[in-house]
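Under my numbering, the first residue of the sequence shown is numbered 18, with each subsequent residue one higher.
Where a beta carbon is used, it is the ideal one built from N, C-alpha and C, also for glycine.
Worksheet for the structure shown next.
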Amino acid sequence: MSSWNDSTHFCDWIGVICNSTIRRVVSLNLEAQKLTGSMPPSLGNLTYLVEVRLGDNNFHGGIPQEFGRLQHLRYLNLSHNKFGGEIPTNISHCTQLVILEINDNQLTGPIPHQLFKLTKLSQLRCDLNNLTGAIPSWIGNFSSLIYLEFKQNNFEGNMPCELGDLSRLEFFSVALNYLTGRVPLSIYNITSLTHVTVAGNKLQGTLPPNIGITLPNLQGFLGGHNNCRGPIPKSFVNASSLWMLDIAENNFTGLVPDDLGSLKDLKILNFQTNKLGNGKVGDLSFINSLVNPNGRNRLGEALPPSIGNLSNLITLHLGVNMLTGSIPSGIENLINLQVLVMEYNYLYGRIPPNIGKLQNLAVLYFGLNDLTGPIPSSIGNLSSITKLYLYHNRLEGSIPPSFGRCKSLQALDLSRNNLIGSIPKEIFGISSLSISLLLDYNSLTGPLPSEAGELVSLTELDVSENKLSGNIPSNLDKCISIQRLYLGRNRFAGIIPSSLEALKGLEKLDLSSNNFSGPIPQFLAKLHSLRYLNLSYNNFEGKVPKIGVFSDSTMISILGNDNLCDGLPELHLPPCTQDQTLFPKKQLIVSKVLIIVVPTVILTVVLVSILFVCFVRNKSKKNVSTSSSSKEFLPQISYLELSRSTDGFSIDNLIGLGSFGSVYKGVLSNDGSIVAIKVLNLQQQGASKSFVDECNALSNIRHRNLLKIITSCSSVDVQGNEFKALVFNFMSNGNLDCWLHRTNERNNQRRLSLIQRLNIAIDIASGLDYLHNHCETPIIHCDLKPCNILLDDDMVAHVGDFGIARFMVDGSDDQIPFSQTMSLALKGSIGEYGIGNRISTEGDIFSYGILLLEMITGKRPTDDMFSNSVDIHLFTAMALPQDAWRIIDPSILFEETRREGDIEEEIQEMAIMSEEDCRETMPRWMEECLISMMKIGLSCSLRAPSERTSSMNDVVNELQAIKSTYLKLKKARRRFH
């Protein structure tokens with residue numbers, strides 16, 4: 018802009034063109050000049066302007082109304098800026114406008130109706146803004162319009178049928194809005210149309226069977242991500258210039274027309290996520306006539322050998338289908354191929370050894386199949402490869418060192434195979450690796466090479482679930498971009514190197530189930546980005562920090578480290594002694610002293626220990642059986658305070674009724690905290706004992722998945738009657754029963770997705786595992802059912818209601834029938850204790866299994882459909898595996914497939930679906946996940962206690978593995994989108 022100065026006439030300024038006779042500005046072209054600031058209203062004084070080009074700058078603020086004074090203006094381009102506010106109505110005075118481009122800004126509001134005067138427009142671009150309202154019907158009067166683009170706004174409602182009057186229209190795009198209804202048939206009669214883009218809305222209906230005849234000039238049709246149905250019209254073959262056909266993410270059915278091969282210009286063909294094919298031989302016959310197939314449906318049979326003859330193929334996308342057989346060796350002849358996706362099928366056999374001939378290949382997805390044999394070393398010849406996914410197969414042998422030649426590789430996933438041997442150091446020489454390196458769930462051995470520190474751009478490294486050993490390389494501090502580091506479940510040893518302090522962006526760190534030792538480094542508490550830390554089942558010792566990630570017990574796991582001390586109260590660690598505080602030097606001295614003196618006192622220690630154990634045993638039994646006041650266990654709160662916090666126990670604050678009393682919502686006056694107050698009905702037999710038992714249990718346990726008791730009250734009310742209450746943290750999302758069995762249609766939005774159910778199942782199992790295996794005295798819950806599972810703000814599950822819980826003191830309660838402990842009228846866990854079985858951890862495991870089946874099927878175990886001959890266990894077992902989808906709670910599928918704002922519509926659609934339609938709608942990976950959960954539920958609820966899953970810890974591990982697989986498959990699915 019240096020030419021813009023007083024010494025030069027403005028007609029000679031860069032970007033300014035004047036009329037040669039009257040020396041008035043007629044054109045202002047300042048596109049892509051990196052200009053900023055707001056638009057001066059004085060620009061409206063240049064009334065001779067015919068052309069204004071200000072696109073691709075950084076102008077902000079509103080578009081001045083003064084533009085309306087430019088009545089000679091024919092071309093106005095304000096695109097690719099940051100203009101905000103509404104479209105100025107005065108632009109309607111620019112009646113000579115032919116081209117109006119205001120796309121890619123931050124404009125809001127509806128299209129002003131005053132713009133109906135701009136009847137000379139041939140190009141109107143308003144895309145990439147935040148415009149709202151409906152598409153105006155008066156646009157149909159713009160008879161000269163050739164280019165109309167409204168993509169990526171917030172337009173809603175139906176498209177006006179008047180759009181069909183735009184007889185000269187060639188380019189039409191309304192993609193990525195919230196439009197509903199059908200595409201007006203009149204639009205399909207505009208023979209001049211070359212590009213139609215309606216993807217990413219909520220459109221319905223079918224495509225006209227004669228679309229290729231009425232739109233003979235069609236070059237691109239994008240209708241994906243809608244709710245359209247019906248067959249793919251065969252008439253598309255009449256649009257001889259068609260090069261792009263994308264109708265993914267709809268409900269199209271039938272076969273792909275074979276004649277599409279006659280479209281010689283076809284480059285992009287995307288059918289993914291529809292209902293095409295029959296899962297039988299013949300589904301893929303269209304490939305014989307295609308150049309660039311791309312699909313993702315339920316296409317069956319093996320790939321035909323003729324696929325190797327598609328020499329011009331650039332993209333082959335057949336992921337998430339039902340393909341069987343082996344990968345044809347002829348695929349190596351597709352030398353122009355850049356994208357090869359066959360992920361999530363039933364392919365078996367070996368990867369073609371000469372696949373390295375595909376020199377142009379950038380993306381290779383073979384994951385989630387049943388491929389076997391070694392990984393071909395020729396893959397190292399794929400110099401252009403950026404993403405390589407071979408995960409979840411049965412590949413074997415070692416990782417080829419030739420991978421090191423893939424110098425463009427950004428993501429490598431070899432997880433969940435049968436790979437052995439060491440990790441080649443050549444892999445860590447691929448400096449382009451930036452997304453992920455995933456080698457987990459194999460049988461790799463040896464150390465993690467020190468060359469791992471060279472991956473300075475890597476975001477995620479996962480080598481968990483292998484047999485790796487040695488120390489963590491000290492030079493991992495060079496990996497400054499790493500956010501997720503998973504080394505768990507290996508054989509690593511040594512201390513955590515202090516060099517890891519340099520990983521400031523680290524968000525997740527898993528070192529669990531190894532042989533690490535020494536103190537927990539203090540620098541971990543100073544990594545401000547760290548949100549997940551798993552140090553469980555190692556040999557760490559000493560003091561646990563209380564700041565940073567350690568300040569929230571839900572973000573860390575330190576189980577299985579017996580020599581840790583201090584930390585947060587909810588971790589239940591002993592206080593540190595002076596020896597532990599001075600670790601490790603002082604402890605080393607103490608150890609040496611003990612080695613010297615132990616031989617002289619060992620007999621005395623043994624005798625004292627025996628006497629001490631006997632004393633503790635007797636004392637524990639007395640504590641469990643006592644009926645003394647809860648004052649021994651919890652701090653007290655007054656009746657007056659509880660009455661005040663609940664507005665006198667108002668019915669408006671009543672949130673639940675139980676066997677032994679009522680539950681109220683209250684607000685404590687001292688700190689304003691919201692609590693749940695369980696008031697015992699002391700007229701109910703057993704209520705007083707329930708109060709003491711619950712105090713006993715809850716005052717001695719702390720776990721994120723167990724309901725936390727805050728205080729208790731044992732007093733008298735205003736009438737002088739005995740009053741007992743327990744005060745808990747308030748759970749804002751109620752209990753699990755309400756989520757599983759909602760009957761109010763107005764609450765259809767409140768449904769549990771599959772991942773929510775899986776997380777809740779893990780939470781409950783973790784809580785039971787703690788009760789059974791990690792309490793000083795094991796506790797049996799005895800009453801596990803959905804109404805006793807509470808959900809907090811984040812949908813984290815908390816096991817509650819310990820009113821009939823039992824302590825397991827030296828196994829003595831193994832011999833106590835439940836019927837002798839508590840009246841059967843209290844209806845403990847359905848099935849196990851109801852038939853008089855002994856109290857044991859196996860009883861809780863049985864109840865958990867029934868609860869898990871209830872979460873998956875949506876059926877109560879007391880449902881009328883179950884009789885003496887068929888219960889929920891047998892009902893589920895009979896459906897596995899072929900008919901599992903028939904008994905799954907439909908709301909899981911609703912939640913999985915719904916899109917925001919379209920809930921009611923989808924529920925109505927799915928309600929009238931046939932069983933076969935529901936079966937087709939459910940993704941295979943989702944069904945397999947649910948089947949795995951069912952098998953756990955069945956294993957836990959077997960009739961004979963000796964045959965059930967032996968420990969809740971095993972259940973937690975199995976569910977965690979299912980969740981890990983679920984998230985990977987979900988991630989893989991999103992890559993297709």
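6 Å Cβ shell around residue i - same chain, five flanking residues per side excluded
i, result
"P601", "Below a pLDDT of 50, predicted positions are generally treated as unreliable, and P601, at 45, falls in that range; the measurement from the model is reported next regardless. Hits under 6 Å: none found."
"Y408", "G384, D430, S432 and R433"
"P616", "Only weak support exists for where P616 lies, its pLDDT of 48 falling under 50; the value from the coordinates is given anyway. Contacts found: none."
"N398", "G373"
"L986", "W942"
"S20", "W30 and I31"
Range of the contiguous alpha helix (DSSP H) that encloses residue i
i, result
"E659", "In the sequence under discussion, the amino acid at residue 659 is Leu, which differs from the Glu named in the question. First-last of the alpha helix (DSSP H) with L659: Y656 to S662."
"N790", "L771 to N790"
"K952", "R941 to C957"
"I116", "Element bounds for I116: not the alpha helix (DSSP H) but the beta strand (DSSP E), I116 to E118."
"R903", "A901 to I904"
"C755", "L753 to L757"
"L891", "I889 to A896"
"I228", "I228 to T231"
In DSSP terms, what residue i is bridged to
i, result
"F269", "G247"
"P391", "E413"
"G237", "H212 and M261"
"R877", "Partner(s): none; R877 has no beta bridge."
"G174", "L196"
"I573", "L550"
Option nearest residue i by Cα separation, candidates the options
i, options, result
"L167", "E471, G174 and I152", "For the sequence presented, residue 167 should be read as Phe rather than Leu. The shortest C-alpha separation from F167 is found at I152."
"V480", "R501, D457, L550 and G678", "D457"
"R12", "M882, T874 and N120", "The displayed coordinates of the chain run from 18 to 994. Any statement about residue 12 would go beyond what the structure contains."
"Q140", "L124, Q113 and G126", "Q113"
"C245", "M261, N267 and F238", "N267"
"C755", "C799, S529, T594 and I672", "I672"
"L547", "G559, K560 and F567", "F567"
"L259", "P250, F238 and P274", "F238"
"D527", "I285, G126, P536 and R506", "R506"
"S857", "N790, I348, I779 and I889", "N790"
"I249", "E103, E471 and G229", "G229"
"N218", "P226, G198 and N206", "G198"
For residue i, the first and last residue of its enclosing beta strand (DSSP E)
i, result
"A192", "First-last for A192: undefined, no H or E at that position."
"G366", "Y365 to R367"
"S44", "V42 to N46"
"R142", "Q140 to R142"
"A49", "From DSSP, A49 is part of no beta strand (DSSP E); its letter is neither H nor E."
"Q123", "Q123 to G126"
"A742", "E739 to N746"
"Y503", "R501 to Y503"
"I285", "I285 to N287"
"I806", "I806 to L808"
Cutoff 7 Å; reference residue i; Cβ partners in own chain excluding five residues on either side
i, result
"S647", "At S647 the pLDDT is 35, less than 50, meaning the model places this residue with poor confidence; the figure from the coordinates comes in the next sentence. Excluding positions up to five away in sequence, the list reads F708, V709, C712, S729 and S731."
"T403", "A379, V380, S425, L426 and Q427"
"L210", "L186, E187, F189, L232, N234 and L235"
"I727", "V692, V744, F745 and N746"
"L699", "S705, E739 and K741"
"S981", "none"
"Q82", "P105 and N107"
Residues near residue i by beta carbon distance below 8 Å, same chain, minus five either side
i, result
"S474", "S448, S449, L450, S451 and S498"
"L539", "The residue asked about is misnamed: residue 539 is Gln in this sequence, not Leu. P562, listed in sequence order."
"V684", "S662, S690, I691 and V692"
Chain D within 8 Å of residue i, Cβ atoms only
i, result
"G678", "Given the protein chain composition of this structure (a single chain), no chain D is represented."
Three or more C-beta pairs closer than 8 Å, one from the segment 941-953 and one from the segment 893-902: is that the case here?
-> yes
Inter-stretch contact at 8 Å, needing at least 3 Cβ pairs: the segment 798-805 / the segment 865-872 | Enough Cβ pairs lie closer than 8 Å, so yes.
When the Cβ atoms of the segment 373-388 are set against those of the segment 347-357, are three or more pairs found closer than 8 Å?
-> Segments in contact, yes.
Is there contact here, the segment 486-495 with the segment 439-448, by at least three beta-carbon pairs under 8 Å?
-> no
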